[in-house]
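Asker: I have a structure here, written as structure tokens, and I will follow up with some questions on it.
Numbering (the working numbering), first residue to last: 531 to 690.
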């Protein structure tokens, strides 16, 4: 399929990555922090078994969700501007691919920073905690790879 090379994919890619980052974070916070209660933002620093620990972890989770909300809001704004642009390629595969890259980037960056470098929490503390932490990053790398492949199939082709 030939795509007009005069159309710009960049705004849609940026919007997709920002939305993927935000939604990846919301998924983590909603599923792992709230529903499964495997960890909270600072659960490796302060246990949630005390009131002070619960307060610190609730604050950390709230700040984490503010970040997710800002990424999502930024993505919506960039998407709105992209849709209004005359020369923007509004391709579904470009958007889905970039969204997958953004969600994967969330896992890789958050996994490396929070689980390994800062060690403020782990995905699922306990016997297999290293495996859960590495699996979290692995899922992110897989999402980036799939997103990259989807983006590659939708590259503009010049009309030579």
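The beta carbon of each residue, even a glycine, is placed where N, CA and C say it ideally should be.
The structure displayed is predicted, hence computed values, not measured ones.
Can you tell me whether residue 646 is buried or exposed, with buried defined as 16 or more other CB within 10 angstroms of its CB?
Answerer: Locating residue 646 in the chain shown gives position 116, counting from the first residue. Exposed: under 16 other Cβ atoms inside 10 Å.
Asker: With 16 as the cutoff for other CB atoms within 10 Å, does residue 661 come out buried or exposed?
Answerer: Position 131 of the chain shown, counted from the first residue, corresponds to residue 661. Exposed, because fewer than 16 other Cβ atoms sit within 10 Å of the Cβ of residue 661.
Asker: Taking the C-alpha atoms as reference points, what is the distance between residue 620 and residue 564?
Answerer: Position 90 of the chain shown, counted from the start, is the residue given in the question as residue 620. Position 34 of the chain shown, counted from the start, is the residue given in the question as residue 564. Those two C-alpha atoms are separated by around 35 Å.
Asker: Taking its Cβ as the centre, do 16 or more other Cβ atoms sit within 10 Å of residue 685, making it buried, or is it exposed?
Answerer: Stepping through the chain shown from its first residue, residue 685 is reached at position 155. Result: exposed.
Asker: State buried or exposed for residue 680, treating a residue as buried only when at least 16 other CB atoms are found within 10 Å of its CB.
Answerer: The count along the chain shown starts at 1 and reaches residue 680 at position 150. Flag for residue 680 reads buried.
Asker: Given residue 638, which residues of its chain have a CB within under 8 Å of its CB, disregarding the five upstream and five downstream residues?
Answerer: Reading the chain shown from its first residue, position 108 is the one you call residue 638. Hits under 8 Å: 667, 670, 671 and 674.
Asker: Got a sec, what are the start and stop residues for the alpha helix (DSSP H) residue 614 sits in?
Answerer: The residue you call residue 614 lines up with position 84 of the chain shown. Residue 614 -> alpha helix (DSSP H) spans 581 to 614.
Asker: Just to confirm before moving on: does the CB-CB distance between residue 747 and residue 652 stay below 8 Å?
Answerer: In the structure displayed, the chain extends from 531 to 690; residue 747 sits before or after that span and is not available.
Asker: Look up residue 538 in the DSSP assignment and say whether it is helix, strand or coil.
Answerer: By 1-based counting over the chain shown, the position of residue 538 is 8. If DSSP states are grouped into helix, strand and coil, residue 538 belongs with the strands.
Asker: For residue 541, which option in 640, 608 and 633 has the closest C-alpha, if you only look at C-alpha atoms?
Answerer: For the purposes of this step, residue 541 is identified with residue 11 of the chain shown, where counting begins at 1. Residue 541 has its Cα closest to that of 608, out of 640, 608 and 633.
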